[in-house]
Amino acid sequence: MYFKKLLIITMGFFVPIVLYSQVYYRIEADYTIKEKGPDFENLMMGRVYFDKNQQQIVFDVQFPEKEILIVNDTASIKAITGNYQKHSLSNNLIDFSVFNLFLNGDLDYYGLNKTPFKLEKVEKENGLIISTWVLADKYVNSQVSKMLLSQKDNNLQGLITYGPKDVIISKQIFSNYIQINGMNFPGQVLQITYLPNGEETKKITTYKNVVLNNVKNDSFYKYKYLSH
Amino acid sequence: MKKTLLLTISLFFASLTFAGNAELFSVDEQALNEEFADLSALENYVVENNFVSLTQIETGKMFDLSEINLKTMGTSSQSDFMFVWDGFLWGFLCCPIGFFVVAVNENKDHDQKISYWIGVAASTVLGALSSTTYYY
């Protein structure tokens, strides 16, 4: 009897977690990226596809020109023109993409609770829950020393990244949440990167028509790039 | 009474210590919209015209693009060139073989190819300098 009860309680606790991580494995959305920096401007539009089992984000670019852009942890590849751009830093782009975090249910804390960053303190201010995360593992070599994460109405609202000497190096603001299957996905992400020379770049990414677990469009979700 | 006063003062100073973090997360939406007004106008135009391409817009002079930096359109600020020593040394020390190993090799990436050509250029400049010094 006691064993049965224990089994039911254990299953009741773990089954939803397992189901959540297994049920949601694909996401696609219309996207617009608007970007401005000291000497550049960019507008990109199209539809983006992500299957967490493929470890790549596939952008079906409609503007400025039709292109297939594949982003993985090591490179960005333009499939039609054959342009291959290696990423300058190996920084777990896929694991910490908004798509992967959302599908794994880790977006609320930006996955920080699964990194060497440790929660230092939590404050409540102006309707925001602000938590401070510091790099506790001295053996981890990182330019990032501290992160401030804010939540509003149980959704991730912002993330501020500090570099050496406690200088802010980037800021991300998540807003216009869209509800899909009872979960909230940010309809807009603003990213501000502060450059060492005092200048900054701003990038606004908006998402619309978000679809989960579409069994169609395999050609995008599992896009195979064949080099020319 | 004393305890209550002490607690109130402590809470007040604690709130002063934390003040300002929420400010870091605020965004001036109006300023942001103004800053991106030109790109937003182009975005609306493209959507209204069934995702017409930039080339078509430029060719047909369909939209005023004079305020927009077109050279970087479609690229990303994060796609920086990364110098690769391997490619550079092929260009610098042995460019004829390096041409086949790196420059026309489909398995070598863009950064390696650029690094190869930097190596070739460095080798040529150094060669020209040393020849000039030798003859004069």
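Taken in sequence, the protein lines are chains A and B.
Here the first sequence is numbered in the numbering used here, starting from 40 and rising by one per residue.
Here the second sequence is numbered in the numbering used here, starting from 1277 and rising by one per residue.
In this text, a Cβ means the ideal position worked out from N, Cα and C, and glycines have one as well.
Because the structure is a prediction, the values reported are computed rather than measured.
Nearest candidate by alpha-carbon position, reference residue i, set the options
i, options, result
"residue 69 (chain A)", "A:98, A:92, A:75", "A:98"
"residue 142 (chain A)", "A:186, A:228, A:62", "A:62"
"residue 192 (chain A)", "A:169, A:140, A:201", "A:169"
"residue 220 (chain A)", "A:122, A:248, A:132", "A:248"
"residue 203 (chain A)", "A:167, A:186, A:164", "A:186"
"residue 122 (chain A)", "A:83, A:224, A:218, A:109", "A:109"
"residue 71 (chain A)", "B:1307, B:1323, B:1309, B:1311", "B:1323"
"residue 13 (chain A)", "A:91, A:230, A:201, A:238", "Any question about residue 13 (chain A) goes unanswered here, given that chain A covers just 40 to 267."
"residue 126 (chain A)", "A:156, A:114, A:211, A:201", "A:114"
"residue 208 (chain A)", "A:154, A:223, A:194, A:236", "A:236"
"residue 161 (chain A)", "A:154, A:134, A:155, A:190", "A:190"
"residue 1298 (chain B)", "A:155, A:164, A:149, A:84", "A:164"
"residue 1349 (chain B)", "A:112, A:111, A:102, A:89", "A:102"
"residue 1342 (chain B)", "B:1327, B:1318, B:1374, B:1370", "B:1318"
"residue 260 (chain A)", "A:89, A:83, A:149", "A:89"
Neighbourhood of residue i by C-beta distance below 7 Å, restricted to the same chain and skipping five residues each side
i, result
"residue 253 (chain A)", "65, 67"
"residue 1362 (chain B)", "1388"
"residue 158 (chain A)", "170, 172"
"residue 199 (chain A)", "186, 187, 207, 210"
"residue 243 (chain A)", "73, 227, 229"
"residue 1312 (chain B)", "none"
Listed by chain order, chain A residues near residue i by CB distance under 7 Å
i, result
"residue 1298 (chain B)", "164, 165, 167, 169"
Cross-strand partners of residue i (DSSP beta bridge)
i, result
"residue 225 (chain A)", "A:216"
"residue 265 (chain A)", "Paired residues: none, contrary to the question."
"residue 149 (chain A)", "Note: residue 149 (chain A) sits in no beta bridge, so no partner."
"residue 173 (chain A)", "A:157, A:185"
"residue 76 (chain A)", "A:79"
"residue 167 (chain A)", "A:164"
"residue 20 (chain A)", "With chain A covering only 40 through 267, there is no way to say anything about residue 20 (chain A)."
"residue 239 (chain A)", "A:233"
"residue 210 (chain A)", "A:199, A:231"
"residue 190 (chain A)", "A:168, A:195"
"residue 84 (chain A)", "A:71, A:102"
Neighbouring residues, chain B, relative to residue i (Cβ below 9 Å)
i, result
"residue 251 (chain A)", "The contacting residues do not exist; residue 251 (chain A) stays about 24 Å from chain B at best."
"residue 91 (chain A)", "Neighbours of residue 91 (chain A) on chain B: none; closest Cβ ~22 Å, over 9 Å."
"residue 84 (chain A)", "1319, 1322, 1323, 1327"
Per-residue contacts from residue i into chain B (C-beta, under 7 Å)
i, result
"residue 71 (chain A)", "1319"
"residue 196 (chain A)", "1301"
"residue 119 (chain A)", "Those do not exist, as residue 119 (chain A) stays about 12 Å from chain B at its closest Cβ, beyond 7 Å."
"residue 189 (chain A)", "1301"
"residue 146 (chain A)", "Per Cβ cutoff of 7 Å: no residues; residue 146 (chain A) is ~16 Å from chain B at best."
Contacting residues, own chain, Cβ-Cβ under 6 Å from residue i (five flanking each side not counted)
i, result
"residue 151 (chain A)", "172"
"residue 227 (chain A)", "214, 215, 245"
"residue 240 (chain A)", "76, 232"
"residue 250 (chain A)", "67"
"residue 6 (chain A)", "The structure shown has nothing for residue 6 (chain A), since chain A only spans 40 to 267."
"residue 1303 (chain B)", "none"
Contacting residues, own chain, Cβ-Cβ under 8 Å from residue i (five flanking each side not counted)
i, result
"residue 119 (chain A)", "105, 106, 107"
"residue 1398 (chain B)", "1364, 1367, 1368"
Amino acids of chain A, ordered along the chain, whose beta-carbon sits closer than 9 Å to that of residue i
i, result
"residue 1329 (chain B)", "101, 102, 103, 104, 105"
Residues that residue i contacts on chain B, provided the C-beta gap is smaller than 8 Å
i, result
"residue 75 (chain A)", "1311, 1312, 1315"
"residue 181 (chain A)", "Near residue 181 (chain A) there are no residues of chain B at all, since even the closest Cβ is about 18 Å away, more than 8 Å."
"residue 229 (chain A)", "1303, 1308"
Check: residue i C-beta below 8 Å from any heavy atom of the ligand GTP
i, result
"residue 253 (chain A)", "Inclusion of the ligand GTP in the displayed structure is not the case, the ligand content being empty and no account of it being possible."
Beta-carbon neighbours of residue i, restricted to chain A and to distances below 8 Å
i, result
"residue 1345 (chain B)", "78, 79, 80"
"residue 1349 (chain B)", "80, 81, 82, 103"
Sequence ranges, alpha helix (DSSP H) only - wholly within the segment 86-136 of chain A, length at least 4: Within the segment 86-136 of chain A, no complete alpha helix (DSSP H) run reaches 4 residues.
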